[in-house]
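Chemist:
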Amino acid sequence: MKRVSLTQYLVEEQRLHQNIPAELRLLIEVVARACKTISHAVGKGALGDVMGSADTENIQGEVQKKLDIISNEILLEANEWGGHLAAMASEEMETVHQIPNRYPRGEYMLVFDPLDGSSNIDVNVSIGTIFSVLKAPEGMKEPSEAAFLQPGRQQVAAGYAIYGPQTVFVLTTGHGVNCFTLDRELGAWVLTHRNMRIPESTKEYAINASNARHWHAPVQRYVNEMLAGKTGPRGKDFNTRWIASMVADVHRIMSRGGIFMYPADMRDTSMPGKLRLMYEANPMAFIVEQAGGAATDGRQRIMDIQPHKLHQRVPVFLGSKEEVELVTSYHLQADAAG
Ligand code: P6P
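Residue numbers (the numbering used here): 1459 to 1796.
#1: Out of 1722, 1614, 1655 and 1788, which has the shortest C-alpha to C-alpha gap to residue 1477?
#2: Looking at the secondary structure, which residues open and close the alpha helix (DSSP H) in which residue 1808 lies?
#3: Ignore the nearest five residues each way along the sequence and tell me which others in residue 1577's own chain have a CB closer than 7 Å to its CB.
#4: Report all residues for which the CB-ligand distance to some heavy atom of the ligand P6P is below 7 Å; order them along the chain.
#5: If we ignore side chains and look at the alpha-carbon of each, how far apart do residue 1751 and residue 1776 end up?
#6: Quick check on the DSSP output: the beta strand (DSSP E) that includes residue 1589 runs from which residue to which?
#7: Beta-carbon separation of residue 1552 and residue 1593 under 8 Å?
#8: Under 8 Å: do the region 1572–1590 and the region 1698–1715 share three or more Cβ pairs, one atom per stretch?
#9: Taking residue 1518 as the reference, give the member of 1571, 1480, 1510 and 1498 with the closest Cα.
#10: Report the CB separation of residue 1730 from residue 1773 in whole angstroms; it is logged as a contact under 8 Å.
#11: Taking just the CA atoms, how far does residue 1497 sit from residue 1710?
#12: Restricting to Cα atoms, I'd like to know which of 1669, 1681, 1540 and 1520 is closest to residue 1725.
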């Protein structure tokens, strides 16, 4: 069967939908090329000087792994010179990264988690890169954090790469979701799964069950009903998976359905969950919705949330539409009961 490259796909998508002008195509190709470089660095493992901690902390107060910093640098350097970006932002950097004055600026803004799931690096479990593309506000002079604070529905593209048994690049530009697999011999991204779709129903859920005693009532109710299985209110048995690498859990759901949950809980009411809105929840919500799934914070569509801070966290429920709608309805019922 004729192989379709990422470039061919993007050119043909532009002909079909006129939604991938040259600058956006360059952006996506540059990010995909950077993900190849990250994949190569990740794949070295103990053979390269890439494992373990960097003995530094990021804005989240999390100890950075060497590969967190390496991946962030790869994405910054890959995207600075092209003239397609007005600015970048990253989980690993407190503030917005300005394009150096020696390069022209473009109309797009890129925000990313350069290496998500990095607690899995040292134990050789799949990890990945998540990115989101926004348009710079009209007439923006100096890129600022405020320029990034756009609801997820304004994303023009989003995607992730997984560095696992295969290296894959999953992308949406608003007309469905497509998956490319890295041909490591040629160093080429090859279209391997057109128009990914998430089944509306599922028997598989993903949540860190060690936090169960801290969950709010709607999550307790939803998970306990699944645990009750065939003889319980759901009338069927469920299975569970938790990789503790969002990209890997989401890709499983993109591939065979399921629901992924990282709820807020009673441990810290000031911290609404663990995942960040701008570079984890929003891009994954865009991808999941484009594949026929749903993504809420328990009460509203994630992509309708108006961001207030670049690194703000949000509860996440995403995946098979029926399940996301059910657990969301439990939150709304609890709110209505007061
Ligand atoms: P926990 C990885 O650190 C991450 O941000 C996501 O990729 C993952 O889903 C989650 O945290 C895992 O969290 O509390 O189970 O370690």
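For glycine and all other residues, C-beta sits at the position ideal for the given N, C-alpha and C.
Given the structure is predicted, the values throughout are model-derived calculations rather than measurements.
Modeler: Result, derived from the coordinates:
#1: If you number the sequence shown from 1, residue 1477 lands on position 19. Of the residues 1722, 1614, 1655 and 1788, the one whose Cα lies closest to the Cα of residue 1477 is 1614.
#2: The first residue shown for the chain is 1459 and the last is 1796, placing residue 1808 beyond what the model contains.
#3: Position 119 of the sequence shown holds residue 1577. Around residue 1577: 1702.
#4: Here the list is 1574, 1575, 1576, 1577, 1666, 1700, 1702, 1703, 1704, 1705, 1707, 1720, 1732, 1733 and 1738.
#5: Within the sequence shown, numbered from 1, the residue matching residue 1751 stands at position 293. Within the sequence shown, numbered from 1, the residue matching residue 1776 stands at position 318. Each residue's alpha carbon lies about 7 Å from the other.
#6: The residue labelled residue 1589 in the question sits at position 131 within the sequence shown. Residue 1589 -> beta strand (DSSP E) spans 1585–1593.
#7: As a working mapping, residue 1552 is identified with position 94 in the sequence shown. As a working mapping, residue 1593 is identified with position 135 in the sequence shown. Not closer than 8 Å, so no.
#8: By the Cβ rule, the region 1572–1590 counts as touching the region 1698–1715, because three or more pairs are nearer than 8 Å.
#9: As a first step, residue 1518 must be located in the sequence shown, where it is residue number 60. Answer by Cα proximity: 1571.
#10: On the sequence shown, position 272 is the one that residue 1730 refers to. On the sequence shown, position 315 is the one that residue 1773 refers to. The pair is a contact, with the Cβ atoms about 5 Å apart (cut-off 8 Å).
#11: Numbered from its first residue, the sequence shown carries residue 1710 at position 252. Numbered from its first residue, the sequence shown carries residue 1497 at position 39. Here the alpha carbon of residue 1710 sits roughly 19 Å from the alpha carbon of residue 1497.
#12: Along the sequence shown, one-based indexing puts residue 1725 at 267. Here the closest residue by C-alpha is 1669.
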